[in-house]
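In this note's numbering, the protein residues as written are 34 to 171.
Don't be surprised by glycine CBs; every beta carbon is placed ideally from N, CA and C.
From a predicted model like this one, the values you see are computed outputs, not experimental measurements.
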């Protein structure tokens, strides 16, 4: 399973504000592309375990191929994952070593402006907060 690089929305918003403020003051003459990415990766297997733990065991891990086949068989608009089948298939191909057309984007221009390094950690407490929110019915 691939590593995960998530940035919590509040941290990403703060980073975007820092970038916009910096670029407005710098009066850049050309186009500068900036990307946000978490500086610390989390093993996909650890993420799955964090989710299982956050659910109190209600959610159980399944093989990615098994899950993808279940989504394909659903053929239903009621299963939101069906709208992202192409994404999931490409992700699974990248996972199994098939070369993906996507390449990692550089974050060097962004790192020079805002340091997310010490603020972005995906840990069991964060995943538990996400799980509680997602299952609360908002």
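Straight-line measurement puts the Cα of residue 81 at about 26 Å from the Cα of residue 46. In this structure the segment 157–168 lies against the segment 78–98, because at least three pairs of beta carbons, one per stretch, are closer than 8 Å. In the three-state reduction of the DSSP assignment, residue 125 falls in the helix class, which pools H, G and I. Boundaries cannot be given for residue 63, as no alpha helix (DSSP H) includes it and DSSP labels it neither H nor E. The C-beta separation of residue 143 from residue 52 comes to about 7 Å, placing the pair in contact by the 8 Å criterion.
Assignment of residue 97 by DSSP, reduced to helix, strand and coil, places it in the helix class. In this structure, the beta-carbon distance from residue 104 to residue 125 does not fall below 8 Å.
No residue range can be given for residue 111, since it is assigned to no alpha helix (DSSP H) and is classified by DSSP as neither H nor E.
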